[in-house]
Amino acid sequence: AAQGSWCPACGVAALAPGTQRDALLALAKQSILAKLRLPARPSAPQPPSRGVLLSALRRMLPGMLRDGRGPARLQEYETLSFAESGSSTSNSARLHFHFSQEVAGSTEILQATLYLFWAVPGRGAQPVTVRLLGPNTTVASETRLEVHRPGWSTLDVGAAVRSLFTQETPRLTVELEVPEDWGSPLPSNHSDSHWPFVVAQAQARRPRRVHRR
Amino acid sequence: GVDCGAGSPTCCRQEFFVDFKEIGWEDWIIQPEGYHMNYCSGLCPLHMAGVPGLAASFHTAVLNRIKAASAAAAVDSCCVPTQRRPLSLLYYDRDSNIVKTDIPDMIVDSCGCT
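Chains A and B, in that order, give the protein sequences. If you're matching positions, the first sequence starts at 558 in our numbering and goes up one per residue. If you're matching positions, the second sequence starts at 475 in our numbering and goes up one per residue.
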């Protein structure tokens, strides 16, 4: 607002049209970045392939990442994070899921789900192991599953992601181990529609109540 | 609320649309294509104080009484939003995650005088 004006918008009216538009565009950028708690606009993103995205959208809870969920009392975030592959052996692989500090620092996790696709060769129940690794790659939790046929399975990783959100650079590391004769537990490339992903739902932290004395 | 027409001097809602492509943000904001950053501008002369603005609020009722009793004691009335709604954004964060959020009270639907 122009100095000395008595109304927030009065200053705008006094500007020349061109300057007025520039000022409003700058204000819009500043306002959106501030509300998203972003210091600056994210640099060029790496969008996932269409197949990967459609497959993930199809698997999620109905309505997630979609419009029209209605205003909630507290600002909510729904994050879809695709795996980044890490070190691997012939029948095991590590995955990393990164979360932005801006969201992590100011929100609390409501739920987080890991989606994995098992391309089960052969017949009958086969054991697979999913380990959630802590910051120094110690095993924080281990889950053994019996997989009977090719398909998706989900794992609740809410507690693991919640503990991450207290770190400087929140990163969830998952290790998959499958029987020797399967080969790698991961599809051959990132654009495969069976690529693993995590969906997390977070809500802005409640403002701490200030008690009047 | 009143939408601003050509040169209407009194409090109204001024429409203003920010096209994300125009400001080079279309690569990281997936949806929507732009932001309706409407704002309120215009004068609120004394006789319009509280119309339709925050007339429903207790404070405005009290202020009106003060004004009626003594114009000198009147305070300035400002043109402010009376109805707002969230801006729903789907965007890539710096880790190329896809994030959806609804930012409350970002789009002004109507304006009025306090």
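Beta carbons are placed, not taken as given, at the ideal position from N, Cα and C, and that holds for glycine.
Which term fits residue i, buried or exposed, when burial requires 16 or more other beta carbons within 10 angstroms of its beta carbon?
{"i": "Ala699(A)", "result": "Rather than Ala, the amino acid found at residue 699(A) in this sequence is Glu. Exposed is the call here."}
{"i": "Asn571(B)", "result": "buried"}
{"i": "Glu635(A)", "result": "buried"}
{"i": "Asp477(B)", "result": "exposed"}
{"i": "Val582(B)", "result": "buried"}
{"i": "Gln632(A)", "result": "buried"}
{"i": "Leu520(B)", "result": "exposed"}
{"i": "Pro707(A)", "result": "exposed"}
{"i": "Thr695(A)", "result": "exposed"}
{"i": "Asp569(B)", "result": "buried"}
{"i": "Ala597(A)", "result": "exposed"}
{"i": "Leu690(A)", "result": "buried"}
When the Cα of residue i is compared with those of the options, which residue comes out closest?
{"i": "Thr726(A)", "options": "Ala661(A), Leu582(A) and Ala591(A)", "result": "Ala661(A)"}
{"i": "Phe722(A)", "options": "Ser642(A), Gln658(A) and Thr730(A)", "result": "Gln658(A)"}
{"i": "Val714(A)", "options": "Leu610(A), Val731(A), Thr686(A) and Pro707(A)", "result": "Val731(A)"}
{"i": "Pro692(A)", "options": "Leu582(A), Arg728(A), Ser644(A) and Ala573(A)", "result": "Arg728(A)"}
{"i": "His751(A)", "options": "Glu633(A), Ser600(A) and Thr711(A)", "result": "Thr711(A)"}
{"i": "Ala601(A)", "options": "Glu500(B), Leu520(B), Pro506(B) and Cys514(B)", "result": "Glu500(B)"}
{"i": "Ala640(A)", "options": "Ala650(A), Thr646(A) and Leu593(A)", "result": "Ala650(A)"}
{"i": "Ser588(A)", "options": "Met580(B), Gly586(B) and Ser584(B)", "result": "Met580(B)"}
{"i": "Ser745(A)", "options": "Thr694(A), Gln577(A), Arg688(A) and Val609(A)", "result": "Val609(A)"}
{"i": "Arg762(A)", "options": "Ser663(A), Pro736(A), Thr695(A) and His655(A)", "result": "Ser663(A)"}
{"i": "Met621(A)", "options": "Ser584(B), Cys486(B) and Asp576(B)", "result": "Asp576(B)"}
{"i": "Arg616(A)", "options": "Arg598(A), Ala583(A), Pro599(A) and Leu637(A)", "result": "Leu637(A)"}
{"i": "Thr556(B)", "options": "Arg487(B), Lys495(B), Pro506(B) and Gly498(B)", "result": "Arg487(B)"}
By Cβ distance below 8 Å, which residues in the same chain neighbour residue i in space, the five residues on each side in sequence not counted?
{"i": "Ile504(B)", "result": "Leu564, Tyr565, Tyr566 and Ile572"}
{"i": "Trp502(B)", "result": "Tyr565 and Tyr566"}
{"i": "Gly643(A)", "result": "Ala650, Arg651, Leu652, His653 and Thr730"}
{"i": "Pro574(A)", "result": "none"}
Who are the near neighbours of residue i in its chain, counting only those whose CB is closer than 6 Å to its CB and skipping five residues on each side?
{"i": "Thr484(B)", "result": "Gly516 and Leu517"}
{"i": "Val492(B)", "result": "Gly508, Tyr509 and Met511"}
{"i": "Glu489(B)", "result": "Asn512"}
{"i": "Leu673(A)", "result": "Ser710 and Pro753"}
{"i": "Leu551(B)", "result": "For the sequence presented, residue 551(B) should be read as Ser rather than Leu. Only Cys518, Ala523, Cys587 and Thr588 meet the Cβ criterion."}
{"i": "Arg688(A)", "result": "Val696, Glu699 and Glu732"}
Take residue i and list the residues in its own chain whose beta-carbon comes closer than 7 Å to its own, dropping the five residues that flank it on each side.
{"i": "Trp739(A)", "result": "Asn648 and Pro678"}
{"i": "Ser748(A)", "result": "Ser606, Gly608 and Val609"}
{"i": "Arg594(A)", "result": "Glu659 and Ser663"}
Give a yes or no on whether the minimum CB-CB distance between residue i and chain E is below 8 Å.
{"i": "Thr686(A)", "result": "Note that chain E does not occur in the displayed structure, where the protein chains are A and B."}
Contact the stretch 752-762 of chain A vs the stretch 655-669 of chain A: 3+ CB pairs below 8 Å: yes
So if I threshold CB-CB distances at 8 Å, which residues from the stretch 655-667 of chain A count as touching chain B? His655, Phe656, Ser657, Glu659 and Val660
Selection of the stretch 566-577 of chain B by Cβ proximity to chain A, strictly under 7 Å: Tyr566, Asp567, Arg568, Asp569, Ser570, Asn571, Ile572, Val573, Lys574, Thr575, Asp576 and Ile577
Determine, using beta-carbon pairs with one atom in the stretch 710-720 of chain A and one in the stretch 596-610 of chain A, whether at least three such pairs fall under 8 Å. no
Taking contact to mean 3 or more Cβ pairs, one atom from each stretch, closer than 8 Å, check whether the stretch 677-689 of chain A and the stretch 702-714 of chain A are in contact. yes
Compile a chain-ordered list of the residues in the stretch 705-723 of chain A whose CB is closer than 9 Å to at least one CB of chain B. none
Using a Cβ-Cβ cutoff of 7 Å, what residues of the stretch 482-498 of chain B are near chain A? List them in chain order. Phe490, Val492 and Ile497
Relative to chain A, which residues along the stretch 498-510 of chain B have a C-beta separation below 7 Å, given in chain order? Trp499, Asp501, Trp502 and Tyr509
Would you list, in chain order, the members of the stretch 601-622 of chain A that have their beta-carbon closer than 9 Å to a beta-carbon of chain B? Ala601, Pro602, Gln603, Pro604, Pro605, Leu610, Ala613, Met621 and Leu622
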